[in-house]
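Asks: Residue numbers (this note's numbering): 383 to 677.
1. On the DSSP letters alone, give me the boundaries of the beta strand (DSSP E) that residue 388 sits inside.
2. Please list, in chain order, all residues of the same chain as residue 628 whose beta carbon is under 7 Å from its beta carbon, the five residues on each side excluded.
3. Could you check what DSSP says for residue 398 in three-state terms: helix, strand or coil?
4. Measure the Cβ-Cβ separation of residue 550 and residue 510 and say whether it is below 8 Å.
5. Consult DSSP for residue 429 and reduce its assignment to one of helix, strand or coil.
6. Assign residue 609 to one of three DSSP states: helix, strand, or coil.
7. Could you check what DSSP says for residue 574 in three-state terms: helix, strand or coil?
8. By Cβ distance, which residues of its chain are closer than 7 Å to residue 714, with the 5 residues on each side in sequence left out?
9. Note down, in chain order, each residue of its chain lying with its Cβ closer than 6 Å to the Cβ of residue 413, except the 5 sequence neighbours on either side.
10. Can you tell me whether DSSP reads residue 625 as helix, strand or coil?
11. Assign residue 682 to one of three DSSP states: helix, strand, or coil.
12. How about residue 537: is its Cβ closer than 7 Å to a heavy atom in the ligand SAH?
13. Check whether the Cβ atoms of residue 539 and residue 514 sit closer than 8 Å, and answer yes or no.
14. Considering Cα atoms alone, identify which of 420, 630 and 388 is closest to residue 581.
15. As a quick exercise: from 405, 427, 410 and 558, pick the residue whose alpha carbon is nearest that of residue 329.
16. Look up residue 421 in the DSSP assignment and give the residues it is bridged to.
17. Taking the alpha-carbon positions, what's the residue 467 to residue 388 distance?
18. Do residue 596 and residue 618 have their C-beta atoms closer together than 8 Å?
19. Check this for me: beta carbons of residue 571 and residue 492, under 8 Å apart or not?
20. Quick one, are the C-beta atoms of residue 655 and residue 644 less than 8 Å apart?
21. Just verifying my parser: in three-state terms, what is the DSSP assignment at residue 493?
22. Quick check on the DSSP output: the alpha helix (DSSP H) that includes residue 633 runs from which residue to which?
23. Compute the Euclidean distance between the alpha carbons of residue 553 and residue 426, then round it to the nearest angstrom.
24. Mapping the DSSP letters down to three states, classify residue 645 as helix, strand or coil.
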């Protein structure tokens, strides 16, 4: 049993462990016949009773089995007092604090993103809004008879500002969506669709921001640190993401400043996954947002 093994415990995937560690867990009663195990190359999880060499051979005078005690394998948090429970998860995810595994991170098809597109539309919306106000006031004061014309010119600039702001919001959602998509195979705390969609729910989005935004660098750093082939992936600053969330609630101007380094980090990280896929599966170079399309 030289492969790297994963096991399920109360909906969480733990590992990797060696075959010798699994045998030791079984001897201590931590692994029972219904515990689900998985290793690279297996198409699905299998109970320990169907994997030779994991469970100790029964003896003729074996006593009645006792209830499996609560336990937490090395590197895992204690999750409660119940025995190991099977999980329906189809793919193991890395655990926080676990040593990097030699197994490659699964292929995740994700398109690259452009920080410049977001920054240009965001800054452009602010600049157009300021110009619209200044131009309207200046034209009206210099030529009161043409106040209507000044108002019309200012209205056009204001409309362009709104269009640019909506575009920047769309680009922002795409970046958040694709960042969570990169973590799809790493057992993230939420899905890409939920991360973006629940931010549009009034009041609830205040709580959800701390899950979808503040939780993103935590899951991201955990995943990229758990796979050897991701050791060159950019890390995300947890402090930056936390400041953005707090600023969005108590001091919006702070969030308008912090959002620049936050999205810059995300774009570099997403493009790492996009070009990583490109280098292993094709010779082209993904660019931009690939159209205004999630995925």
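Backbone N, C-alpha and C define an ideal beta-carbon position, used for all residues, glycine too.
None of these values were measured; they are calculated from a predicted model.
Replies: A quick look at the data gives this:
1. 387-391
2. none
3. strand
4. no
5. strand
6. strand
7. helix
8. Nothing about residue 714 can be reported from this structure: the residues present for the chain run from 383 to 677 only.
9. 407 and 430
10. helix
11. Residue 682 lies beyond the residue range present for the chain, which begins at 383 and ends at 677; the question has no answer from this structure.
12. The ligand SAH is not part of this structure, which contains no ligands at all.
13. yes
14. 630
15. Any answer about residue 329 is impossible in this case: the structure gives the chain only from 383 up to 677.
16. 387
17. The predicted position of residue 467 is uncertain, since its pLDDT is 40 and thus under 50; a value taken from the coordinates is nonetheless stated next. If you take the alpha carbons of residue 467 and residue 388, they lie about 13 Å apart.
18. no
19. no
20. no
21. coil
22. That residue, residue 633, is in no alpha helix (DSSP H); it is neither H nor E in DSSP.
23. 37 Å
24. helix
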